[in-house]
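Protein sequences appear in the order of chains H and W.
Each residue of the first sequence is one higher than the one before, starting from 1 at the first, in the numbering used here.
Each residue of the second sequence is one higher than the one before, starting from 348 at the first, in the numbering used here.
Quick notes on the structure that follows.
There are 2 protein chains.
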Amino acid sequence: MSVQDLFGIELPILQAPMAGVQGSALAVAVSQAGGLGALPCAMLSPEAIRSELAAIRAGTDRPYNLNFFCHQPPAPDAAREAAWRATLGPYYREHAIDPATIAAGPGRAPFSAELADLIEAFRPPVVSFHFGLPSAELVARVKRWGARVLSSATTVDEARWLEARGVDAVIAQGLEAGGHRGMFLSADTDTQVGSFALLPQIVAAVKVPVIAAGGIADARGVRAALALGAAGVQIGTAYLLCPETTTSVLHRTAIGSDAARHTALTHLFTGRPARAIVNRLMRELGPLGANPPAFPLATAAIAPLRAAAEAAGAPDFSPLWCGQNASGCRAIPAGELTRLLAGQRGA
Amino acid sequence: MSVQDLFGIELPILQAPMAGVQGSALAVAVSQAGGLGALPCAMLSPEAIRSELAAIRAGTDRPYNLNFFCHQPPAPDAAREAAWRATLGPYYREHAIDPATIAAGPGRAPFSAELADLIEAFRPPVVSFHFGLPSAELVARVKRWGARVLSSATTVDEARWLEARGVDAVIAQGLEAGGHRGMFLSADTDTQVGSFALLPQIVAAVKVPVIAAGGIADARGVRAALALGAAGVQIGTAYLLCPETTTSVLHRTAIGSDAARHTALTHLFTGRPARAIVNRLMRELGPLGANPPAFPLATAAIAPLRAAAEAAGAPDFSPLWCGQNASGCRAIPAGELTRLLAGQRGA
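In structure tokens, the structure reads:
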């Protein structure tokens, strides 16, 4: 089944939810163009989720996707946190930051019964998860609303695990993808494979439709993914320069430069491996070096460094999320980009 | 220009040269089927190269590809070698091996004027290199014979570097590929990207034809690579079970099992990063752990461990070279596989 049939959309294009760089504006633009726009909820307060949902409802009557993380919140580990702050000590001194003043706080909340209560009234057409799935009870509740449920698989085992728990489609997240790896059955980054290897193996392993993600940047990439058996594609990086995003100027500059050709998986910004353009922090600590607190606790100690450096115009401590193929990034309206990705040249 | 036009072959399929697991038999079978068969020369003595070339000439009058490594032989480093043997010490004791009895020896010789002398009489139609290119003088000499010259690029920078030095086509080696990474401008494995990202970016960056490699396992993969702009594809892993290969039984067993879904880049077997199925040595030292001697010197100290373990039926120390997509491996004649890869179903 194609994603057009599955979601009731015109084009085989899903916009990847990208927490921190977009809100309802991008989702509305993509959905209005015939793709499936997405609202990343992981970093939004309940109030923000409600207002963003209202904005989507006001902006389009077409289907959209609400995305949530569903990690297990970690127990605080004072020793690990202290070691992490000690590792960052030279940077604090360089920026005249007193680590004692840094606020704790997770920053990213997993899906929960409270969030289900909040979104239920909106009857979201599609709900997607990252890092596996929430409890069976919560999944069943979302499905009872009539929502299609999606999640990302980074291995064949994860795809089978998701299918067994009732997802309506699996997103095959190839190693090329920007942002957080959806990996949840293994923490070993060597298990992560490129889209050319992952997609056909997942297509062969499950019966539900498979959505290709990772490295797809233009209409040729979309055609290639469909040739490999995908029911549709999910694209994030290509949208990062669109005017409907909130991508920072520093981030936009990096994406538009040769620097974007050198990304790496790093756990330094959040505690989980995610693909970003290599910057000073990644270079100096090693992208998977040091031993930051468990996701999402690593973020708090980085935040003041990021703020100080960004104020000085430096992306040294900013997570410059980006996939391995930024060649399709274009500073054009997201609706136009969506149509171009679908091969509609005269759009 | 398609590879069919470039090399005078019928199908857009190049068989990847795979040192250690194949000789002339595989090359002949693929070339006879209309693809471009390849003979890996890196681990062959001059006498063996000559006899294998004679076998190819006897077996087919169609084009074929001779492949050479072109690394800079490293200076021996006694301290590093001693540290490496110390790391392997527990394994030597476990297998009752006296490290003092281990022969040194590089095992893999780079292309040279002597090898050019040897192959000149055969006027090979295609000569390919791995790890960059030999000297400009040697490249010019090979081209004067009328041979097409190829080499692998793992980044956009490497593709441009190769084009500037006169290659007739660039092989875009995606991260998914099995065996040695062709990387030569950087030693940082984070620069290595998946085929979905690498191929279109190299296609956009160079004027010469680009051959896709890495993760392509079946006719759909071939079509996808062509959709991304490839002039043809190079496939290795899919051939590993063909009767014309010399793949060991242990290696075949691993490829045919779920173990093949977990590969990693490792430098433990040779000193350079190469993709292999994760086995005991990789698991215990870390695939890119320890600090083995520079390529190809790491091999000597592993050899007796490999021999002892293989004699006992264990692949614990064997380099189980394999790409990230072993789903297309089939124990059928290589000519038949070549036609299937090209989409000729009734072949």
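Even for Gly, the Cβ is constructed at its ideal location relative to N, Cα and C.
Each of H/182, H/148, H/285 and H/318 was checked against the Cα of residue 166 of chain H, and the nearest Cα belongs to H/148. For the C-beta of residue 341 of chain H, not a single chain W residue is nearer than 9 Å; the gap to the nearest is close to 13 Å.
Shown here for residue 57 of chain H: same chain residues with a beta carbon closer than 8 Å to its own, the five before and five after excluded, namely 122 in chain order. Taking 7 Å as the upper bound on Cβ-Cβ separation, chain H lies near residues 537, 538, 540, 541, 542, 543, 544, 547, 548 and 551 of the stretch 534-556 of chain W.
Under the three-state reduction of DSSP output, residue 321 of chain H falls in the strand class.
Counting every other CB atom within 10 Å of its CB across the protein chains shown gives residue 596 of chain W a total below 16, marking it as exposed.
The three-state secondary structure of residue 596 of chain W, taken from DSSP, is helix. In terms of CA proximity to residue 670 of chain W, H/195 leads the group H/286, H/276, H/229 and H/195.
Neighbours of residue 477 of chain W in chain H, taken as residues at a C-beta separation under 9 Å, are lacking, since the least C-beta distance is about 20 Å.
Within the DSSP secondary-structure output, residue 579 of chain W pairs in a beta bridge with W/558. By the C-beta criterion, the stretch 366-381 of chain W is judged not to be in contact with the stretch 49-56 of chain H, since fewer than 3 inter-stretch pairs fall below 8 Å. Assigned with DSSP and collapsed to three states, residue 265 of chain H falls in strand.
For residue 44 of chain H, no beta strand (DSSP E) segment is defined, and its DSSP state is neither H nor E. Taking C-beta separations shorter than 7 Å and ignoring five residues to either side along the sequence, the partners of residue 330 of chain H in its chain run 241 and 337, following chain order. Scanning the stretch 500-530 of chain W for uninterrupted beta strand (DSSP E) segments of 3 residues or longer gives 516-520, listed from N- to C-terminal end. Secondary structure at residue 13 of chain H: strand, using DSSP grouped into helix, strand and coil.
Taking a cut-off of 8 Å on C-beta distances, the stretch 264-271 of chain H touches the stretch 289-307 of chain H, as three or more cross pairs fall below it.
Unbroken beta strand (DSSP E) stretches of 3 residues or longer found wholly inside the stretch 618-647 of chain W: 621-624, given in chain order.
DSSP, read as helix, strand or coil, puts residue 478 of chain W in coil. Those residues of the stretch 319-345 of chain H placed with their C-beta closer than 8 Å to a C-beta in chain W are 323, 324, 325 and 327, ordered along the chain. At a cut-off of 7 Å, the C-beta of residue 16 of chain H has no neighbouring C-beta in chain W. Proximity of residue 275 of chain H to chain W, defined by a Cβ-Cβ separation below 7 Å, is not satisfied. Cβ atoms of residue 561 of chain W and residue 477 of chain W stay farther apart than 8 Å, at about 14 Å.
Under DSSP, residue 149 of chain H shares a beta bridge with H/127. Note that the stretch 87-94 of chain H does not touch the stretch 59-68 of chain H; fewer than 3 beta-carbon pairs, one per stretch, sit closer than 8 Å. Annotation for residue 7 of chain H: no beta strand (DSSP E) segment contains it, though the alpha helix (DSSP H) segment containing it runs 3-7. Residue 629 of chain W counts as buried, since no fewer than 16 other beta carbons sit within 10 angstroms of its beta carbon. Contact annotation: residue 266 of chain H and residue 287 of chain H have beta-carbon atoms nearer than 7 Å.
Residue 219 of chain H and residue 1 of chain H have their C-alpha atoms spaced approximately 20 Å apart. The C-beta distance from residue 372 of chain W to residue 581 of chain W rounds to 19 Å, too long to meet the 8 Å contact threshold. Residues of chain H with a Cβ closer than 7 Å to the Cβ of residue 570 of chain W are, in chain order, 227.
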